[in-house]
Amino acid sequence: MSVKWTEEQQKVIDTRNRNLLVSAAAGSGKTAVLVERIIQMISEGDHPIDIDKLLVVTFTNAAAAEMKERVGDAIEKKLLENPNNKYLHRQLSLLQHASITTIHSFCLYVLRNYFHLIDLDPSFRIADETELILLRADVVKALLEEHYEQRNEQFYDLLESYSSNKSDDQLEDLILKIYTFSQSYPWPEKWLYDQVHLFDINNIDELSNTHWVGVIKDYIFNMCESLKEQLSYALDLCNESTGPIMYKENIIDDMAQLESLLKENSFEELYNIFSKIAFTTLSRKRGKEVDPDLKEEVKNIRTEAKKILEKIKDSYFFQSLDDTIDDLKRLLPINKTLIDLVIGFSNKYKEEKREKNIVDFNDLEHLALSLLIDATDNKPSVIAQELQNKFEEVLIDEYQDSNLVQETILKSVSRVDQGKPNIFMVGDVKQSIYKFRLAKPELFMDKYDTYTLEDSDYQRIDLHKNFRSRKEVLDSVNFIFYQVMSKKIGDVDYNKEAALYEGAAYSTCENGDCGGSTELHIIESKNNIEEIDEDISLTDREIEAKMIGKRIKDLMNSEEPYMVYDKRIDNYRPVQYRDIVILLRTISGWADVFTEVLLEEGIPAYSDTSSGYFETTEVKTIMSLLKVIDNPRQDIPLLSVLRSPIVGLNADELATIKNAYPECEYYDSIMNLLEEPFENELVGRLKGFFTKLEVWQEKVTYTPIYELVWDIYKDTNYYDYVSIMPSGKQRQANLDMLIEKASQFEKSSYKGLFNFIRLIDKLEKYQVDFGEASILGENEDLVRIMSIHKSKGLEFPVVFVSGLGKQFNKQDINQTINIHSELGLGPDYVNHKLRYKKPTIAKKAIQKKLELENLSEELRVLYVALTRAREKLILTGTVSSRSNLEKRLEKWTTVYNHSEVKLPYNIIAGANNYLDWIVPSLVRHKSGVKLLERVGKYSNPSSQLYNEGIDFHIQLFSLEDLLIKDVLEDIEKSNLKNKLLEGNLDDSNDELRNEVEERLSWEYRYKDEVNVHVKMTVSEIKKHSMDYEDEIPLMFKEEVIEIKPKFIEEVSQLTPTEKGTLMHKIMEQIPLGAMSDYKEIEKELQSLEERGFISDKERKTIFIKDILAFSNTELYKRMLKSDKDNKLFKEKQFVLGIKANELGEKYKSDELVLIQGVIDCFFEEEDDIILVDYKTDYIKEGQEDILIKRYTEQLNYYEKAIEQITGKKVRERMIYSFGLNKDIKC
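For the sequence shown, full-length UniProt numbering assigns the number 1226 to the last residue and increments by one with no breaks.
In C-alpha cells form, the structure reads like this:
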C-alpha cells in the first residue's frame, strides 16, 4: 500500500534544481520524506540518477546507517514490484558505496583521495579523544614553559591577571577553550587575530560602532519596550474607578523616561540619560474607594520596572565612557599575548599530531577545507569542482545543527558558485539544542528569513503536520510556545506558520482511559514535615520522584489502566512501564535519585547515564589501587585501598597505624610497623597486601595496563566481590569497561601506568565521562530516565518532563573571560598591581548575549522535551517551600491580565527555570484559575486566551499530601497483613483470600523440565531418562573427564573413565587398515605418543589384543571396505534441535532443546547408512539386551542427526562392545 503524502510533503519530494530549505516540525516525517525524495531521484523521471551521484550528510553515524538501510529497503520494495528492473538492481549494488555519510566521514573520503596534495601521510589515523586530551595537556604545558624561559613582561601580566597563584591550570584551560572555539570557524587564525583588533578603540564614536554596544542597545530597547507596555497597563489600572489614581502622575513620569530611552539614541546619549534617571516617590495620598489589590498591583509593576532599569544602569553605565575606553586599551597588549599563546599552541599541537601521524575531527574538517577552497581567492578549488560535477545534489539532514566550517565545506562541493543551486537542507531550528557543540542555528534562520515560499532558486517549504502526537499534546505545546518563543528569545517567531498541526489519526478507545489532558504538577517540597514525622528528611528531588511514582502507579492501575495505542497490534492495550519515560534537563545528580525512589515504590526503572562512571565505588577503588601501585606515597589513594574490601581495614585499625608512628608519613608508618618483630591480624593483612603490591609493581614494567587490571581483579577477588553487592551486574560491567578503556589506551601513542592514571584524571577534570556501562536491552519493561538531549529523535506514549523547577545553569557566563563567535573575547580588566578587577563593556555585552542565547537554547530544549510525547504529557516541578511558592505565584501571575499573546519580554528574559515560562503561560487560561486564587487574584474570562481549546490539568501538591497517602497505604497493608496472619479475613476480602490460596497451592507446570538445559549432551539426556544406571557395573563409566596438568597425570593411575576415553581416541586415530596387525598397531601407538596425542603411560595401558579382536569381526571388514571408498566417517560432531516434550512423557514443554554429541563412526553401504557406536561397559556374555536397552535412546538421537546431515536412511545400528569383543545389532 503506497504512502499518502501531504501536499507539502509531496512538494518536498518533487521539487528539484534549486537550494531548498525544508523547515520540518517535530514528528513531521522528515526522514521518510528525505528517503522518498532520494528514491524518486534515483528511480523515476526521464533522467534518473545513480545513488552515488548524491551526497547525503547526516548528523551521526547511526543516522547514516539508518538512512542507508531505509533507502535499501525502499529499493528492494520497488524491486518486488518490478524484479527485472536492471536500473534498480544497479542502485542496490551502488548503495554500499553511496555517499550517505556524516560530515567527518565525507572529509575523511576527501583526505584519503587527495592526501598527496597537502603532504599528508596516507597511513594517518584518527586519534581517540582520550589520547588527544593528554596530548593537548602536554603541549600547553610545554608552551607555557617556553614563555616562562623568555621572561616576557606581557606574558607575566597575563599570568597575574588570568591565572591563579597556585598553578597555571586556569590559563591552560583558557588557552584550550579559545582554541576549541576557534576551530568552529573555517579559518581559525584569522578569527583569532580579529579578536585582538576589537580592543583597539580610541574614542566614543569607535566604541559606539562596536558589536558590544549594539547588543547592549538592543537589550535596553527590548526591555524598555516591555516595561512601557506594563506601565501602560498600570496606568489603565490607575484610571479605573477603584484604581490608585494618586499614582497616575508617578507612572506618567516613569513612562516619559522610558520614551526617552526608546528614541534612536547614541550610546553616549544613553549614558547621559541613565546617569540622570530618577524615580519620583509614590504619592502617599489615600483614596477612600481605592481597591487595595489594584494599588498593590500597580506598586509591584512600578517596583519591577525600577529594579530592571537600575540593574541596566549598574551593569553598563557604572563608570564614565572614557574609563570604559581606557579599560579596553589597557587590555589590548594582554589580549594580543593571549591570542599569540593560542596560535602558538595551535602550531605546536599540529606539529605533535603530524609527528605521531594522527588527526582529530577538527583536522578532518580543516584539512578537507584546505583541499576544497583555493587559499588565493577563497573560491572552490579544482578538487571541489570535480566533486561539484560528481554530485547532482547535496542533501543535508539536521541542518539546524551545522556550523560555519561544515557550511563552507558542503557549499564548496555544491553548484551554487556555478549559478546552479543544488543544496537540499532539512531540519527544525526549534530543535537546535547543540549550541554547546558550537552549532550555529543562525545559518538555518538566515535562510529561513530570506528564502521564498514561492518557486525560486532559493525556496523554503514548511512541514507543519505532526504525525506523532495526539491533538491534546499538540495543543498544549502550541499554547505554551505561542506565548514564550519569539525571534528575540528562541530565534523563531512561534506563530501559525511555526505551530504544530495534527497529522496522526488516533482511533477511538472503546474501553479504558486514553489521551486526556496535559498535566502540570507543582510540588511544595518542604512544609510542616515535622508535624507528620520529625525523622523525615527528603530532598526536593526525592519528593518529586515520589510524586511521579504515585502518578505512574495511577496510570498502571490494574482495574482501570491507562490505555495506549500499539501500532503492532493496531489496537489499544494497557500501558506498560516501557511506554513511560522521564525526561530531565540533566541526569547528573537526578537520575540516580529518581531511579532509587521509583524502585522503592516498586516501579522498575533504569537510567542510561552519560556521567557518574568515575564516581562509582568500584571504579574509584581500582583507580586508587592503580595510583598506589604507581606511587604508594599518596595518602588518599592508599587509605582508600586499605579501607576497601581489598584489604578490609576499619577506621580504628587505620588510626592505630598512624598513632604508632605519628611523625611519619602514612606509608612510612606502615613500613615501620611491618618491620616490628611481633605479628597480629592487622600486620598479617598488611603483609599480604604489600606482598601483592610488589608483584604488581614489578608487572608494570612489562605488562599492558588492561592485563595488569585483570590480574588485580583475579588476585584480589574484587571482581567477584562486587558481583554480590547491590547492582552487582552493573558494577561488574563498570569494571569490564575500565579494562576496555585500558585496552583502548594501549593503542594510543601514550604508554605506561603513570600516563593511564593521568588520562583518567584529565577525563575527570574536563568532565569527559562515559556514563555507567549499559546492561539492559531496549525492550526491557521498565521506566526509562534520560536526558532531553538523548531523547531527541525518539518518541514515547507517556512522557514525564520533570525537574522543571531546577535553575538554569549559568556558569558559562560567569567565567573570567567570556567568548562569543561574533563579539569575541570578554575579559575582566585586572590591575594586578593595585589588586582590583572590574568587568569591561565587552564582558558585560557578551554576558548578556550569552545569557539570551542560552535562554533561547533552553526554550528549544523544552520544545524538544514536550514534543516527545505521543499520547500523554505530564509536567512536574518542585518549589522549595510554601512561602517560596507564594512568592513565585505572585511573580508568575503578574501577567494574568496581559493583553498580548506573547508574554512580556522581561518575563521571558528573566526566567530562571522552565516553570518561569510554563506557569505564566497558563495563568491566563481557565485551567490556571486555581493558581490565581491561591494568591487572591481573579481570572479574566474576556482574555483572548481564557477559553483557548486546550485541556490542562494543574495540581499543587504538598509534601504532606504525599506522605499522608503513604501512611494510609502502609496502615491498610498492615491491617490486611494482620488479618491474613490471624485468619480473620471477612467476606469483603474473599478475593484476597482466594488469591492467597491460589498462590500457595500453585505448582509449576514444567517442574520436570527444571533440570533440562537449553543445550544438552546425549549422555546427559541418557541419565535423565534412565533409572537403572547402576544395575550393572561399568567397565569404563562414560562421563566428562577432568583435565589435569601433566605433573599430576604422571603420579596417578588412569581412571576407568580416562581409559574409556583413551580407547575412543585410539579408534579414531589408528587407520582401519593397520588394526589387523599387532606390529602395525604398536607402530601407530608409538606415532601417536610422539605426536603428543597420548602419553607413554596411556600407550602402555592399551590392550592391543582388544583391537586385534575387533579386526576379526564381520563389522570390521564392512567398515574397511567403505573406508577404501572414502565412505567411512569417524567422530562426527552434531547439534540437533528437538522439542522438550520429545525427551520423555513426563516433559510437557514444547520449547526447543539443542542436543549435541559426537558419533563414533558411520559408513555408507549400498546408499544406506550403517551406524557404529563403541562401548566399554563391563558386561557378561548373555547380557547384551541390557546394553541395547541402555543405549537405544542415545542411538535414536545419533540416527536422527545422521539422517539430517546426510539425507540418507540409517539401515543398521551396531554397538561394538569391547567388554564382549563382539558387535551387537541395536
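Here a beta-carbon is modelled for each residue, glycine too, at the ideal position from N, C-alpha and C.
For this session: Counting only the same chain and skipping the five closest in sequence on each side, list residues whose C-beta sits under 7 Å from that of residue 1227.
Result: Residue 1227 lies beyond the residue range present for the chain, which begins at 1 and ends at 1226; the question has no answer from this structure.
For this session: Drop a sphere of 10 angstroms on the beta-carbon of residue 833, count the other beta-carbons inside from all chains shown, and report buried for 16 or more, exposed for fewer.
Result: The residue given as residue 833 occupies position 833 in the sequence shown. A residue is called buried when at least 16 other Cβ atoms come within 10 angstroms of its Cβ; residue 833 does not meet this threshold and is exposed.
Exercise. Hey, residue 346 and residue 186: beta-carbon distance below 8 Å or not?
Worked result: As a position in the sequence shown, residue 346 is number 346, starting the count at 1. As a position in the sequence shown, residue 186 is number 186, starting the count at 1. Cβ atoms of residue 346 and residue 186: not closer than 8 Å.
Problem set entry | Cross-strand partners of residue 1212 (DSSP beta bridge) | Translated into the one-based positions of the sequence shown, residue 1212 becomes position 1212. Beta-bridge pairing links residue 1212 to 1170.
Exercise. Nearest to residue 850 by CA position, among 866, 817, 131 and 869, is which residue?
Worked result: Mapped onto the sequence shown, residue 850 falls at position 850. Here the closest residue by C-alpha is 817.
For this session: Could you check which residue in 558, 392 and 331 has the C-alpha nearest to that of residue 575?
Result: Here the question's residue 575 lines up with position 575 in the sequence shown. The residue with the shortest Cα to Cα distance from residue 575 is 558.
Problem set entry | Straight-line Cα distance separating residue 561 from residue 262 | As a first step, residue 262 is located in the sequence shown; it is residue number 262 there, counting from the start. As a first step, residue 561 is located in the sequence shown; it is residue number 561 there, counting from the start. Using only the alpha carbons, I get a separation of about 57 Å.
For this session: Could you tell me the boundaries of the alpha helix (DSSP H) in which residue 549 lies?
Result: Mapped onto the sequence shown, residue 549 falls at position 549. According to the DSSP assignment, residue 549 belongs to the alpha helix (DSSP H) that extends over 540-555.
Exercise. Could you give the distance in angstroms between the alpha-carbon of residue 158 and the alpha-carbon of residue 334?
Worked result: Numbered from 1 along the sequence shown, position 158 holds the residue referred to as residue 158. Numbered from 1 along the sequence shown, position 334 holds the residue referred to as residue 334. Going by the C-alpha atoms only, they are around 6 Å apart.
For this session: In the DSSP assignment, find the unbroken alpha helix (DSSP H) run with residue 728 in it and report its ends.
Result: What you label residue 728 is simply residue 728 of the sequence shown in a count that begins at 1. For residue 728, the enclosing alpha helix (DSSP H) has its first and last residue at 728-746.
Problem set entry | Segments of 4+ residues assigned as alpha helix (DSSP H) that fall wholly inside the segment 577-650 | Qualifying alpha helix (DSSP H) stretches, in chain order: 591-600, 617-630 and 635-643.
Exercise. When the Cβ atoms of the segment 356-371 are set against those of the segment 112-128, are three or more pairs found closer than 8 Å?
Worked result: With the cut-off at 8 Å, the segment 356-371 and the segment 112-128 touch.
Exercise. Can the beta-carbon of residue 741 be found less than 8 Å from the beta-carbon of residue 133?
Worked result: Your numbering for residue 741 matches position 741 in the sequence shown. Your numbering for residue 133 matches position 133 in the sequence shown. No.
Problem set entry | Distance between residue 81 and residue 570 (C-alpha atoms, nearest Å) | Numbered from its first residue, the sequence shown carries residue 570 at position 570. Numbered from its first residue, the sequence shown carries residue 81 at position 81. Roughly 26 Å separates the two Cα atoms.
Problem set entry | Local conformation of residue 182 per DSSP, three classes | Position 182 of the sequence shown, counted from the first residue, corresponds to residue 182. DSSP places residue 182 within a helical segment (H, G or I) once states are collapsed to three.
For this session: With DSSP collapsed to three states, give me the class of residue 1160.
Result: Position 1160 of the sequence shown, counting from 1, holds the residue named residue 1160. DSSP places residue 1160 in strand when its eight states are reduced to three.
For this session: Could you round the C-beta distance between residue 1247 and residue 6 to whole angstroms and report it? I think they count as a contact, below 8 Å.
Result: The displayed coordinates of the chain run from 1 to 1226. Any statement about residue 1247 would go beyond what the structure contains.
Exercise. In chain order, what residues of the same chain lie with their CB nearer than 8 Å to the CB of residue 138, ignoring the 5 residues before and after it?
Worked result: Residue mapping note: residue 138 aligns to position 138 of the sequence shown, counting from 1. Excluding sequence neighbours, residue 138 sits near 352.
Problem set entry | For residue 627 and residue 174, the rounded distance between their alpha carbons | Residue mapping note: residue 174 aligns to position 174 of the sequence shown, counting from 1. Residue mapping note: residue 627 aligns to position 627 of the sequence shown, counting from 1. One C-alpha to the other measures close to 28 Å.
For this session: Go through its chain and collect everything with a Cβ distance to residue 271's Cβ below 7 Å, but skip five positions before and after it.
Result: Within the sequence shown, numbered from 1, the residue matching residue 271 stands at position 271. Closer than 7 Å at the Cβ level, and outside the excluded window around residue 271, lie 317 and 321.
For this session: May I have the straight-line CA-CA distance separating residue 1220 from residue 1106, to the nearest angstrom?
Result: Indexing the sequence shown from 1 puts residue 1220 at position 1220. Indexing the sequence shown from 1 puts residue 1106 at position 1106. Those two C-alpha atoms are separated by around 10 Å.
Exercise. By DSSP, does residue 14 sit in helix, in strand, or in coil?
Worked result: Sequence index remark: in the sequence shown, residue 14 carries index 14 (1-based). Assignment of residue 14 by DSSP, reduced to helix, strand and coil, places it in the helix class.
Exercise. Between residue 223 and residue 906, which are expected to be in contact by the criterion C-beta below 8 Å, what is the C-beta distance as a whole number of angstroms?
Worked result: Translated into positions along the sequence shown, residue 223 becomes position 223. Translated into positions along the sequence shown, residue 906 becomes position 906. Right, their Cβ atoms sit about 6 Å apart.
Exercise. Are the segment 1171-1181 and the segment 1191-1209 in contact at 8 Å, needing three or more beta carbon pairs?
Worked result: Contact check between the segment 1171-1181 and the segment 1191-1209: three or more CB pairs, one atom from each, fall below 8 Å, which counts as touching.
Exercise. Which two residues bound the contiguous beta strand (DSSP E) that contains residue 1133?
Worked result: For this step, residue 1133 is matched to residue 1133 along the sequence shown. Unbroken beta strand (DSSP E) run through residue 1133: 1128-1139.
Exercise. Which stretch, first to last residue, makes up the alpha helix (DSSP H) that contains residue 1191?
Worked result: Translated into the one-based positions of the sequence shown, residue 1191 becomes position 1191. Where residue 1191 is concerned, the enclosing alpha helix (DSSP H) stretches over 1184-1206.
For this session: Apply the 10 Å Cβ neighbour rule to residue 1027 and answer buried if 16 or more other Cβ atoms are within range, or exposed otherwise.
Result: Position 1027 of the sequence shown, counted from the start, is the residue given in the question as residue 1027. Low local confidence applies: a pLDDT of 45 at residue 1027 is under 50, so the model's placement there is unreliable, with the coordinate-based value given in what follows. It is exposed - the Cβ of residue 1027 has fewer than 16 other Cβ atoms within 10 Å.
Exercise. Is the beta carbon of residue 719 sitting closer than 8 Å to the one on residue 693?
Worked result: Your numbering for residue 719 matches position 719 in the sequence shown. Your numbering for residue 693 matches position 693 in the sequence shown. Cβ distance not < 8 Å, so residue 719 and residue 693 don't count as in contact.
Exercise. Which of helix, strand or coil does DSSP assign to residue 53?
Worked result: Mapped onto the sequence shown, residue 53 falls at position 53. Looking at residue 53 - three-state DSSP - the assignment turns out to be helix.
For this session: Identify the continuous beta strand (DSSP E) that holds residue 462 and give its terminal residues.
Result: Position 462 of the sequence shown, counted from the start, is the residue given in the question as residue 462. Its beta strand (DSSP E) spans residues 458-463.
For this session: Please work out which residues of its chain come closer than 6 Å, Cβ to Cβ, to residue 199, disregarding the five sequence neighbours upstream and downstream, and give them in chain order.
Result: Position 199 of the sequence shown, counted from the start, is the residue given in the question as residue 199. Within the same chain, residue 199 has close Cβ partners 328, 331, 332 and 335.
Exercise. For residue 293, does the count of other Cβ atoms within 10 angstroms reach 16, so buried, or fall short, so exposed?
Worked result: Numbered from its first residue, the sequence shown carries residue 293 at position 293. That one is exposed.
Exercise. Contact check, residue 745 vs residue 705 under 8 Å by CB: the rounded distance?
Worked result: Here residue 745 is taken as the residue at index 745 of the sequence shown, counted from 1. Here residue 705 is taken as the residue at index 705 of the sequence shown, counted from 1. By a beta-carbon distance limit of 8 Å, residue 745 contacts residue 705. Their separation comes to about 6 Å.
For this session: Could you give the DSSP three-state label for residue 25: helix, strand or coil?
Result: For the purposes of this step, residue 25 is taken as the residue at position 25 of the sequence shown. Three-state result, residue 25: coil.
Exercise. Bridge partners of residue 574, per DSSP?
Worked result: On the sequence shown, residue 574 is found 574 positions in, with the first residue counted as 1. Beta bridge pairing from DSSP links residue 574 with 563.
Exercise. According to the neighbour-count rule (16 or more other Cβ atoms, all chains shown, within 10 Å of its Cβ), is residue 1275 buried or exposed?
Worked result: Not covered by the structure: residue 1275. The range shown for the chain is 1 to 1226.
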